[in-house]
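**Student:**
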Amino acid sequence: MARPYQPSLLRALHGATALLVPLAWLSGLLIYSRYDGRWGRLPWTPGGNWIDIHGTLGVLLWPLALLFALYAISLGRRRLHQPANAVALGALAVALISGKLMEEDWLRDGQLQHGVYGLHLLAWLAIALAVLWHLGAVLARGGLPLARSMLSLRLRQGDRPGDWPRQLLEHLRRAG
Ligand code: HEM
Numbered sequence: 021m022a023r024p025y026q027p028s029l030l031r032a033l034h035g036a037t038a039l040l041v042p043l044a045w046l047s048g049l050l051i052y053s054r055y056d057g058r059w060g061r062l063p064w065t066p067g068g069n070w071i072d073i074h075g076t077l078g079v080l081l082w083p084l085a086l087l088f089a090l091y092a093i094s095l096g097r098r099r100l101h102q103p104a105n106a107v108a109l110g111a112l113a114v115a116l117i118s119g120k121l122m123e124e125d126w127l128r129d130g131q132l133q134h135g136v137y138g139l140h141l142l143a144w145l146a147i148a149l150a151v152l153w154h155l156g157a158v159l160a161r162g163g164l165p166l167a168r169s170m171l172s173l174r175l176r177q178g179d180r181p182g183d184w185p186r187q188l189l190e191h192l193r194r195a196g
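So, in structure tokens, the structure goes:
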């Protein structure tokens, strides 16, 4: 079988997203443990302003996830037919939108009753399950070579960052 290859624009957007999502998830866990804890707490949470850190990760993720989603529904459309890929993107969208609708002081003030916060907690759980499913599906479909193709730094002729505008224009021309 030919060695799988992922377009460099996909790898850039996917890689940055896949780096920030676990950090946002972990900082969310620390916040939950310190300010909520209705279903249990971690035995220990490191000191730090985790609400601000989590908010900053959210601010960074927003534009990135928007570009990634635009890529996925246009140039990457074929890959989105894989249910696990689509669900990972959907869970990310719900997490980001519900997070954006929250107010920073709710948890500091002990206001845990807001529906949007409940949705954000569900999205936190969903994203963990979705990413596990996504990874499992990638490994089941193409094994380690497929998983590695998303992390590889190899660039083919005609797929360097300088080629991205041409790739986008070609896609628009074909779609139009
Ligand atoms: C952490 C959060 C992650 C999210 C939100 C995510 C999301 C996605 C999405 C939406 C796609 C489809 C892109 C498109 O339509 O063009 C995709 C593809 C892919 N992802 Fe992830 N991903 C994550 C982590 C990972 C990790 C850690 C790996 C492992 C290296 C990985 C490997 C892949 C591969 C190989 C594909 C292409 C699969 C195919 O051709 O169907 N992903 N990912």
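The sequence shown stops at residue 196 when you use the working numbering, and every number in between is there.
Glycine residues also receive a C-beta, built at the ideal position from the N, C-alpha and C atoms.
#1: Within its chain, find whatever has a CB closer than 7 Å to the CB of residue 91; leave out the 5 residues flanking it on each side and keep chain order.
#2: Could you say if the region 147-157 and the region 90-109 meet the contact criterion of at least three C-beta pairs nearer than 8 Å?
#3: Classify residue 72 as helix, strand or coil using the three-state DSSP reduction.
#4: Which of helix, strand or coil does DSSP assign to residue 190?
#5: Please list, in chain order, all residues of the same chain as residue 61 whose beta carbon is under 7 Å from its beta carbon, the five residues on each side excluded.
#6: Measuring only the C-alpha atoms, how far is residue 126 from residue 87?
#7: Consult DSSP for residue 62 and reduce its assignment to one of helix, strand or coil.
#8: Contact check, residue 84 vs residue 40 under 8 Å by CB: the rounded distance?
#9: Excluding the 5 residues preceding and the 5 following residue 191 in the sequence, name in chain order all residues of the same chain whose CB lies nearer than 8 Å to its CB.
**Tutor:** Taking the geometry as given:
#1: Numbered from its first residue, the sequence shown carries residue 91 at position 71. Cβ within range, chain order: 29, 30 and 33.
#2: yes
#3: The sequence position of residue 72 within the sequence shown is 52, counting from 1. Looking at residue 72 - three-state DSSP - the assignment turns out to be helix.
#4: The residue you call residue 190 lines up with position 170 of the sequence shown. If DSSP states are grouped into helix, strand and coil, residue 190 belongs with the helices.
#5: Translated into positions along the sequence shown, residue 61 becomes position 41. Within the same chain, residue 61 has close Cβ partners 53.
#6: Looking up residue 126 in the sequence shown gives position 106. Looking up residue 87 in the sequence shown gives position 67. Each residue's Cα considered, the two are about 29 Å apart.
#7: As a position in the sequence shown, residue 62 is number 42, starting the count at 1. Note: residue 62 maps to coil in three-state DSSP.
#8: For this step, residue 84 is matched to residue 64 along the sequence shown. For this step, residue 40 is matched to residue 20 along the sequence shown. Contact holds; Cβ gap of about 7 Å.
#9: Translated into the one-based positions of the sequence shown, residue 191 becomes position 171. Contacts found: 94 and 95.
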